[in-house]
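Residue numbers (the working numbering), protein chains in the order written: chain C, -16 to 43; chain W, 16 to 235.
Even glycine gets a Cβ: it sits at the ideal position worked out from N, Cα and C.
A quick note: this is a predicted structure, and the numbers were derived from the prediction, not measured.
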Amino acid sequence: MNGEPLVEFFRYSRSIYGGSDQLIGAAWDLLPVFVGAAIAFILLHAALSALAKRRARRVP
Amino acid sequence: MDEIASDNWQTASERAQRVMRHKPFDRLYHWFMAVCVIVLMATAFLPILGVKFEWLDIHWITGLVLTALILTHIVRALIFQDWRHMWIGFADLRELWRTAANLFGSRKEPPLPGKYDASQKLYHFVVAVVILAVVGSGLLMLLKIDTPLWNRNPYLLSADTWGVIYVIHGMAAMAIVAIFIVHLYFTLTPPGWYMLRAMIRGWISSKEYAQHYDAARWKP
Chain C
-16 MNGEPLVEFF RYSRSIYGGS DQLIGAAWDL LPVFVGAAIA FILLHAALSA LAKRRARRVP
Chain W
16 MDEIASDNWQ TASERAQRVM RHKPFDRLYH WFMAVCVIVL MATAFLPILG VKFEWLDIHW
76 ITGLVLTALI LTHIVRALIF QDWRHMWIGF ADLRELWRTA ANLFGSRKEP PLPGKYDASQ
136 KLYHFVVAVV ILAVVGSGLL MLLKIDTPLW NRNPYLLSAD TWGVIYVIHG MAAMAIVAIF
196 IVHLYFTLTP PGWYMLRAMI RGWISSKEYA QHYDAARWKP
């Protein structure tokens, strides 16, 4: 809780000319976030599909 | 997975009742694209995950092959195929709504789609945007490396612009990993097996056609 963001979105490098940091790309820390989002989507879809199938079996 | 591998119900009359879903050219395109995407993901992310090897040449050459494949697909889809099969229209939005209603329990049966259902069209749209972003930014990034075909010229764009291009390439690449995982899920779980077989062998059975598709919306 020191005020730093949970996940960095971008990578920066110090410009050789001094001054502000230079944007150099997306932060690779985001890769597990993308993978996690895909897994969350799959789990949600699987759960909803299973519920829909159970309901369909119950209704004559 | 038996239904993918076997021809158990292969009587002559049943063979005659097969419905062509994907022509050989389209299947080849799909699998070549799959190989390219897997090679590109491996050469992009394995070095980041600590597996060190000479990845750059494999990456940019595979990227050029993917670019050629995509250009071929765009030309073929627009000129030689019916692009409306993939267009998201009002009927697809209604279908999405009814599919959601079925999933959440307020509708008994899921709706029957045309050749591609609304979620497949939506998936294709997302893939198209992400792939065009990664290919477009990747082609620009070729300006930063020497190859047998051209010399590098990194000063064509400002450092800030390069930063934005690298962000687009990285974000799109990570999105492709997520999209790939979701694609595997829909393909490798049982409801998707007949579509996997169709992407390997080209056809679905007439029974599957009647069961899964609205004949008014897709006439093979």
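For G2 of chain C, there are no neighbours in chain W by C-beta distance under 8 Å, as the nearest C-beta there is about 11 Å away.
For a Cβ distance threshold of 7 Å, residue set Q5 of chain C lies close to A174 of chain W, ordered along the chain.
Using a Cβ-Cβ cut-off of 9 Å, A21 of chain C is close to V192, A193, I194, F195, I196, V197, Y200 of chain W, given in chain order. Minimum Cα-Cα distance from V150 of chain W among the listed residues W:L84, W:A174, W:P205 corresponds to W:L84. Chain W has a Cβ within less than 7 Å of the Cβ of A9 of chain C. Between the region 35 to 52 of chain W and the region 65 to 82 of chain W there are three or more inter-stretch CB-CB distances shorter than 8 Å, so the stretches are counted as touching.
Approximately 6 Å separates the beta-carbon atoms of V192 of chain W and F17 of chain C; this is inside 8 Å, confirming the contact. In the structure shown, the three-state DSSP call for W112 of chain W is helix. Taking 7 Å as the cut-off, the beta carbon of G178 of chain W is found closer than this to the beta carbon of I7 of chain C. Taking the beta carbon of A33 of chain C as reference, no residue of chain W falls within 9 Å; the closest one sits roughly 10 Å away. Among the residues facing chain C, N166 of chain W is not included, as its CB has no counterpart in that chain under 7 Å away.
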